[in-house]
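Below is one structure; the comments refer to it alone.
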Amino acid sequence: MAAPHEESDRPGGLRSHLPDDTLPLRLRDVPAPASPTTAAPEAKGENARLAKSSALMAAGTIVSRVTGFLRTLVMAAAIGVGTLNDSYQVANVLPTMIYTLVGGGALNAVFVPQLVRAVKNDKDGGEAYANRLLTLVVVLLAGATTLCVVAAPLLVRMMSPDIAADPQRMALTVAFARYCLPTVFFMGIHVVLGQILNARERFGAMMWTPVLNNIVIIAGFGAFIWAFGGFARSGVSPATITPEGVRLIGLATLLGLAVQALAMFPYLRKAGVRLRPRFDFRGHGLGKAVGLAKWTLLFVLANQLGLTVVTQLATKAGAAAERAGHSGAGITAYNFALQIWQMPQAIITVSVMTAVLPRISRAAHTGDAGAVRDDISYGLRTSAVAIVPCAFAFLALGLPMATLLYGSSDAQGAEGIGHALMAFGLGLIPYSAQYVVLRGFYAYEDTRTPFYNTLVVALVNAAASALCFALLPAQWAVTGIAASYGLAFAVGIAVAWRRLRHRLGGDLDGARVLRTYARLCTAAAPAALAAGAASTALLHALGTDVLGSLTALVVGAAVLFALFLALARLLKLPELNALFTMVRSRLGR
């Protein structure tokens, strides 16, 4: 199962963004930047403007990630990480699932490239096409949102039969869901408006407006703490939360997405885009575009079915563990750990591939398989320099990370998050590698192969998660489910690698790539072992309070990265310098 919120803050909170792998945009339409040494002054100015836009997008992504992470901290401080938060998580993930299933993947994979072409080729700059697309999305999502709100009990029952079996938790989750589900509509509006701006090379709005959503939700949970007290003092649970508390949390969630969507309109006015309803859909390419979306829709369906299985198993395990006196062993622990774990991928791997995607797409378009291979190899090796040590860092230091961040709210729950983060750990390596390899298929406009690959990942993840649920004690089931996620991507990258190698004529620079990963793991493994030993000793000596966790984390991280860099330099890894150069370029320096 590809990450349900890959771009994303994923399951921990509502997002209007889609999984990265549902975005096979045809970047060959992007003009190649001219060489700085030969470009005319106009081209150099264009390159400088694009570099500035890239820096703005990167900054927006980082700020959005940081505020999304802060949101989880305030959320844990308000309602803990046990079954109450599990109910909120189930309700909160439904809108993203519904939006993605209704048309999110198709919107990005099919309609956006046509929108870009309309902007470039139509006499009105694509305004009429944009208005037709926005009108279609408004009508479609308004109807889907209404049906989903009415069907909230059925959706909750589908996501978690365990919650449905408990009348009290069922009523609470349905109440949360009826506040959360209307955000489906605002997600769609935000994405369409953002893509209209992106097609006009106004990139900042879509990256920065999610920060407003996070701020509103942080304020809502902060108000909950002010009104009802923090979880450490109140011990609020599904049985004790008041209707006013549910209403406050629900309205904050709904308002956050509404503000995020409405904040796009000033940017549109500044860009000179005039919006008005248009219902003349026939004869303008929209119907054909729907037909092209088949494989993307199947991709999304496989993704969401896998997410449903994991949610069902994790919520059931969390409820059983809490009955046995172990909090923080359910879907909330899984989601919070997942959000931390995905940050290196979002910041590092996506940045690396954003820089090379246009080049890959142009090479595929001209039939230059060798250039595609070289760029895929570059993306794998360069991102791995940061991803591999981060993966080992999660394995070695996941526990002090979690206890530092969440221990003041729920010490036992924080340990559960830490164990899940450690289990996710090494799975970051195949997770990141698959992201890079799938870009090769998208460069050839092949969405069928990514669908089959996602199906394999979803099936392996679901089967391994079910096995962990059946064999492990309830308090450890989610830890096993987290490990299953990485295992699924290890299988997925093996399948994707073989298929892409065949597509490129049997050569994917495998020996060089594997040599790089082997050297990185050789440097990272002993560093992680030393860091884990140091941090564990400090946690035992000082405890898992803020001081003990902070000391263990700082000392462990210093040991890990110092030893890793020393060993990596001894192993002579040129990719280290390439990564540092890319980061400086992305930051506009």
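Under this note's numbering, the first residue of the sequence shown is numbered -5, with each subsequent residue one higher.
Beta carbons: idealized from backbone N, C-alpha and C, even for Gly.
Source: prediction; values computed, not measured.
{"query": "Three CB pairs or more closer than 8 angstroms across the region 477 to 494 and the region 453 to 468", "result": "yes"}
{"query": "Residue burial classification, Arg163 (beta-carbon count within 10 angstroms, cutoff 16)", "result": "buried"}
{"query": "Trp202, buried or exposed, once every other Cβ within 10 Å from all chains shown has been counted against 16", "result": "buried"}
{"query": "Span of the alpha helix (DSSP H), counted from its first residue to its last, around Leu498", "result": "It is not in any alpha helix (DSSP H) - Leu498 carries neither H nor E in the DSSP assignment."}
{"query": "Counted within 10 angstroms of its Cβ, other Cβ atoms place Thr167 as buried (16 or more) or exposed", "result": "buried"}
{"query": "For Val549, three-class secondary structure by DSSP", "result": "helix"}
{"query": "Coarse secondary structure for Val382, derived from DSSP in three states", "result": "helix"}
{"query": "Any non-hydrogen atom of the ligand PLP within 6 angstroms of Ala427 CB", "result": "With respect to the ligand PLP, the structure shown offers nothing to examine, as it has no ligands at all."}
{"query": "Distance between Ala217 and Pro260 (C-alpha atoms, nearest Å)", "result": "28 angstroms"}
{"query": "Nearest-angstrom Cα separation, counted from Arg317 out to Gly401", "result": "20 angstroms"}
{"query": "Three-state secondary structure assigned by DSSP to Val450", "result": "helix"}
{"query": "Pro176 - containing alpha helix (DSSP H), residue span", "result": "Unbroken run through Pro176: none, as it is neither H nor E."}
{"query": "Integer-rounded CB distance, given that Val186 should sit under 8 angstroms from Thr139", "result": "Between Val186 and Thr139 the Cβ distance is about 15 angstroms, and since that is not below 8 angstroms, they are no contact."}
{"query": "Residue burial classification, Ala535 (beta-carbon count within 10 angstroms, cutoff 16)", "result": "exposed"}
{"query": "Helix, strand or coil at Thr203 [DSSP, three-state]", "result": "helix"}
{"query": "The region 368 to 387 contacting the region 299 to 310, beta-carbon criterion three pairs below 8 angstroms", "result": "no"}
{"query": "Same chain, Cβ closer than 8 angstroms to Leu547, neighbours up to 5 away in sequence not counted", "result": "Leu391, Pro394, Met395, Leu398 and Ser529"}
{"query": "Local conformation of Tyr82 per DSSP, three classes", "result": "helix"}
{"query": "Nearest-angstrom Cα separation, counted from Leu494 out to Val294", "result": "21 angstroms"}
{"query": "Ala340 versus Gly373: straight-line alpha-carbon distance, rounded", "result": "14 angstroms"}
{"query": "DSSP-derived helix/strand/coil call for Gly7", "result": "A caution first: Gly7 carries a pLDDT of 37, below 50, which makes its placement in the model unreliable, though a value can still be read off. Coil, per DSSP."}
{"query": "The region 66 to 81 in contact with the region 224 to 235 per 3-pair CB rule at 8 angstroms", "result": "yes"}
{"query": "Integer-rounded CB distance, given that Val150 should sit under 8 angstroms from Ala158", "result": "6 angstroms"}
{"query": "CA-to-CA distance, Leu533 to Leu135, given in whole angstroms", "result": "50 angstroms"}
{"query": "Among Asp501, Leu206, Ile92 and Ala124, the one whose alpha carbon lies nearest that of Gly364", "result": "Asp501"}
{"query": "Whole-angstrom C-beta distance between Leu498 and Val366, which should lie under 8 angstroms", "result": "6 angstroms"}
{"query": "Backbone secondary structure at Lys566 - three-state DSSP", "result": "coil"}
{"query": "Three-state secondary structure assigned by DSSP to Arg586", "result": "In this structure the chain extends from -5 to 583, so residue 586 is not present and cannot be described."}
{"query": "Outcome for Val240 when other beta-carbon atoms lying within 10 angstroms are tallied against a minimum of 16", "result": "buried"}
{"query": "Cβ pair Arg196, Ala85 closer than 7 angstroms", "result": "no"}
{"query": "Tyr438, DSSP secondary structure in three states", "result": "coil"}
{"query": "Leu567 versus Thr516 - alpha carbon distance", "result": "12 angstroms"}
{"query": "Proximity below 7 angstroms, CB of Val489 to CB of Val454", "result": "no"}
{"query": "6 angstroms Cβ shell around Leu128 - same chain, five flanking residues per side excluded", "result": "Val186"}
{"query": "Exposure of Ala527, with buried meaning 16 or more beta-carbon neighbours within 10 Å", "result": "exposed"}
{"query": "Helix, strand or coil at Thr538 [DSSP, three-state]", "result": "coil"}
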